[in-house]
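The sequence shown begins at 1 in UniProt numbering and counts up one residue at a time.
Working notes, beginning with the structure itself.
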Amino acid sequence: MHHFSFCPHARCAFHITAPDTTSWFSRFGSYHTKTFGTVQRFICHACHHTFSTQSFSPSYYLKASINLPALFSLHASSISGRALSRFFLISPSAIQNRIDRLARQAISLHCALRPFITPSPFCIDGFVSFDRSQFFPNEITISIASPSRFVLDLSHASRKRSGSLSPSQKTIIRHRYASLHFPKGAIDRTFSEQLDVIARFHPASPSSPLVLFTDEKPSYLRLLAHHPLSLPPHVVHHIRIPASLPRTSANPLFPSNYIDRELRKDQANHRRETICFSRNVANGLTRLICYLVHHNYWKRYLIKARPSDTRTHGTCAGIPPDEQRRGILSLFSQRAFLSREDWLFSPTLRRIWLKQDPTPGKQKPDYLPRFAWA
């Protein structure tokens with residue numbers, strides 16, 4: 001007899017925790033699929049909704065199965081979406097569907113393991129790329145635990161193109177920006193959101209003050225001064241690093257420079273002068289969160305270390321290796337549910353899950369399957 005720890009229906013009384021027995025559900029027939037064969041169906045005695053063994057699988061409702069661990073690893077190896085579709089012999093939209101699923105799984109894993117990190121200095125910096133075309137640059141603000149290079153959180157903002165422009169480029173911009181609205185203070189919002197996340201994982205108390213490294217961007221001083229972290233009893237040491245300093249390991253902003261380099265190297269849509277750039281903001285962020293979770297819990301901390309040194313960035317941040325192993329196993333075996341996550345700690349990640357970050361010029365919201373809301 002199968003054993004389930006909760007009912008998959010969000011409105012059920014047993015959705016968060018079910019009795020530690022099999023008495024709350026019973027068999028309710030089965031159905032056949034071409035992909036998974038015969039699937040057993042059950043009925044919950046509390047809400048009287050049916051569910052199946054597939055309801056708890058990351059492959060729920062799929063019509064074709066591929067190797068998800070292989071996709072997760074290859075995606076972090078600078079392979080574009082179309083190259084992945086050629087490798088797995090499925091369409092690019094099907095690849096994006098699987099990446100969306102892996103992103104939801106990765107967000108759930110990150111939310112579960114992130115509270116284990118030990119307090120440490122953090123650095124915040126913006127990663128600049130673009131969506132749709134170079135007329136629509138973005139800034140992705142990323143917070144990183146300095147010693148371990150563990151990525152804590154990220155937040156995306158679209159902005160107008162700046163810098164010197166030719167007359168023809170100015171004409172194109174006037175035409176493209178005429179009907180668009182860029183939210184005011186979007187980049188400031190991303191920095192404030194990262195401060196919110198850091199505040200939840202670092203007490204910034206007199207006995208354990210928060211050390212925060214940023215560059216000399218003037219808005220960082222203003223935003224930190226208006227943030228609750230600047231009020232007693234919090235203690236924050238804000239250290240501003242000149243951008244002119246060499247980007248070596250001795251630079252306190254090295255973790256941010258390191259992540260910048262890794263993203264340019266390992267993500268096809270963020271390479272310099274790439275033709276694989278993101279056409280859709282929400283899709284680009286699901287790919288990015290998959291990569292950052294792969295970096296935190298999968299990639300070794302030091303590539304040139306001895307083979308016996310299997311530490312990951314998560315291990316160096318204080319997360320127990322056993323917890324990471326269990327989390328990685330669940331990444332490909334146990335479906336994550338939106339209604340079972342603690343979103344108090346992750347409003348930015350919730351937006352990525354729901355694909356709510358808008359693409360400039362796109363009128364309709366991005367499609368999200370109904371089961372992703374469960």
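For every residue, glycine included, the Cβ atom is placed at its ideal position computed from N, Cα and C.
Determine the direct distance from the alpha carbon of residue j to that of residue i, and round the result to whole angstroms.
{"i": "T50", "j": "L152", "result": "38 Å"}
{"i": "Y367", "j": "F254", "result": "38 Å"}
{"i": "I289", "j": "K364", "result": "23 Å"}
{"i": "P242", "j": "S219", "result": "15 Å"}
{"i": "N257", "j": "L292", "result": "15 Å"}
{"i": "T371", "j": "S143", "result": "Correcting the residue type first, residue 371 is Phe in the shown sequence and not Thr. About 30 Å."}
{"i": "P360", "j": "H2", "result": "47 Å"}
{"i": "S73", "j": "L84", "result": "11 Å"}
{"i": "D266", "j": "K184", "result": "31 Å"}
{"i": "R82", "j": "R300", "result": "27 Å"}
{"i": "P92", "j": "R287", "result": "13 Å"}
{"i": "E216", "j": "K355", "result": "32 Å"}
{"i": "D322", "j": "L165", "result": "53 Å"}
{"i": "residue 382", "j": "P19", "result": "The requested residue 382 does not occur in the structure, where the chain is confined to residues 1 to 374."}
{"i": "P206", "j": "Q194", "result": "21 Å"}
{"i": "Q334", "j": "R149", "result": "28 Å"}
{"i": "P246", "j": "P252", "result": "10 Å"}
{"i": "L331", "j": "S78", "result": "21 Å"}
{"i": "S208", "j": "R174", "result": "50 Å"}
{"i": "K362", "j": "K304", "result": "44 Å"}
{"i": "N280", "j": "S244", "result": "33 Å"}
{"i": "A225", "j": "R325", "result": "40 Å"}
{"i": "A250", "j": "W298", "result": "25 Å"}
{"i": "Y31", "j": "G37", "result": "8 Å"}
{"i": "L302", "j": "I259", "result": "14 Å"}
{"i": "C44", "j": "Y60", "result": "18 Å"}
{"i": "P369", "j": "R351", "result": "15 Å"}
{"i": "R101", "j": "T33", "result": "20 Å"}
{"i": "P232", "j": "Q96", "result": "46 Å"}
{"i": "W353", "j": "Q169", "result": "35 Å"}
Please say whether residue j and residue i have beta carbons closer to each other than 8 Å?
{"i": "S192", "j": "H237", "result": "no"}
{"i": "L154", "j": "I319", "result": "no"}
{"i": "A268", "j": "C276", "result": "yes"}
{"i": "S23", "j": "F42", "result": "no"}
{"i": "I124", "j": "T141", "result": "yes"}
{"i": "L349", "j": "I99", "result": "no"}
{"i": "T53", "j": "V39", "result": "yes"}
{"i": "D342", "j": "C47", "result": "no"}
{"i": "A13", "j": "S339", "result": "no"}
{"i": "N296", "j": "T274", "result": "no"}
{"i": "R264", "j": "R272", "result": "yes"}
{"i": "V235", "j": "A204", "result": "yes"}
{"i": "H15", "j": "F6", "result": "yes"}
{"i": "L109", "j": "G314", "result": "no"}
{"i": "P167", "j": "Q105", "result": "no"}
{"i": "P115", "j": "A374", "result": "no"}
{"i": "H294", "j": "A76", "result": "yes"}
{"i": "L62", "j": "T21", "result": "no"}
{"i": "E139", "j": "T190", "result": "yes"}
{"i": "D131", "j": "S346", "result": "no"}
Round the Cβ separation of residue i and residue j to the nearest angstrom and send it over; I've been treating them as touching at under 8 Å.
{"i": "P147", "j": "H202", "result": "About 13 Å; that fails the 8 Å criterion."}
{"i": "F213", "j": "I187", "result": "Contact flag wrong, Cβ pair sits at about 18 Å."}
{"i": "H270", "j": "S129", "result": "5 Å"}
{"i": "A94", "j": "A64", "result": "7 Å"}
{"i": "residue 440", "j": "D357", "result": "In the structure as shown, the chain starts at 1 and stops at 374, and residue 440 therefore has no counterpart that could be examined."}
{"i": "F4", "j": "F56", "result": "7 Å"}
{"i": "A317", "j": "A145", "result": "5 Å"}
{"i": "L210", "j": "L229", "result": "7 Å"}
Flag this pair as touching only if the segment 307-323 and the segment 51-69 have three or more C-beta atom pairs under 8 Å; answer yes or no. Put simply, the segment 307-323 does not touch the segment 51-69. Fewer than three CB pairs are less than 8 Å apart.
Taking only runs that begin and end inside the segment 66-97, name each unbroken alpha helix (DSSP H) of 4 or more residues, in chain order. Runs of the alpha helix (DSSP H) inside the segment 66-97: 68-75, 81-88.
Does the segment 74-88 touch the segment 170-190, meaning 3 or more C-beta pairs lie closer than 8 Å? They do not touch, by the three-pair rule.
Quick check on the DSSP output: what are the complete beta strand (DSSP E) runs of length 3 or more inside the segment 263-317, in order along the chain? Uninterrupted beta strand (DSSP E) stretches at least 3 residues long and entirely within the segment 263-317 do not occur.
At a cut of 8 Å, does the segment 123-139 reach the segment 152-167 through at least three beta carbon pairs? Result yes; three or more Cβ-Cβ pairs closer than 8 Å.
Of all the beta strand (DSSP E) runs that stay within the bounds of the segment 102-172, which reach a length of 3 or more residues? Fully contained in the segment 102-172 are the following beta strand (DSSP E) runs of length 3 or more, in chain order: 122-130, 137-145, 150-158.
Report the start-end ranges of each beta strand (DSSP E) in the segment 209-261 that is 3 residues or longer and not cut off at the edges. Unbroken beta strand (DSSP E) stretches of 3 residues or longer found wholly inside the segment 209-261: 210-215, 236-241, given in chain order.
What runs of the beta strand (DSSP E), each 3 residues or longer, lie entirely inside the segment 15-74? Counting only unbroken stretches of 3 or more residues, the beta strand (DSSP E) elements lying wholly within the segment 15-74 are 25-33, 37-44, 50-52, in sequence order.
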